[in-house]
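Encoded as structure tokens, the structure appears first; notes follow it.
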Amino acid sequence: MYVCVCNAVTERHIHDAVERGVRRMRELRDHLGVAADCGRCASCAHACLKSALGSQAASVPQTFPAAFSLMEAR
Numbered sequence: 002m003y004v005c006v007c008n009a010v011t012e013r014h015i016h017d018a019v020e021r022g023v024r025r026m027r028e029l030r031d032h033l034g035v036a037a038d039c040g041r042c043a044s045c046a047h048a049c050l051k052s053a054l055g056s057q058a059a060s061v062p063q064t065f066p067a068a069f070s071l072m073e074a075r
């Protein structure tokens, strides 16, 4: 789905940007131009950004440093 019609940005573009390290709306605006023109897409773009960040966090396996594991064992 198109999120920003002014700059032809789709949800996939936002997800790809998150995979490349984008974490904030300011970064998304700088990289893709989202919400830089008319601004009507800002709330939808923010929702897509949050969704992409949530999807990325869910796909990362939970691992703990050895020191943390040793502290829990006490």
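According to our numbering, the sequence shown holds residues 2 to 75 in order. Where a beta carbon is used, it is the ideal one built from N, C-alpha and C, also for glycine.
Around the C-beta of VAL6, are 16 or more other C-beta atoms found within 10 angstroms, so that it is buried, or is it exposed? On the sequence shown, residue 6 is found 5 positions in, with the first residue counted as 1. With fewer than 16 Cβ atoms within 10 Å of its Cβ, VAL6 is classed as exposed.
Just to confirm the assignment, what range does the beta strand (DSSP E) spanning VAL4 have? As a first step, residue 4 is located in the sequence shown; it is residue number 3 there, counting from the start. Its beta strand (DSSP E) spans residues 3-5.
Buried versus exposed call for ALA53 [16 or more other C-beta atoms within 10 Å across all chains shown]: Residue mapping note: residue 53 aligns to position 52 of the sequence shown, counting from 1. Its Cβ being crowded by 16 or more others within 10 Å, ALA53 is buried.
Going by alpha carbons, who is nearest to SER56 out of TYR3, ALA18, VAL10? For this step, residue 56 is matched to residue 55 along the sequence shown. Comparing Cα-Cα distances from SER56 to each of TYR3, ALA18, VAL10, the minimum goes to ALA18.
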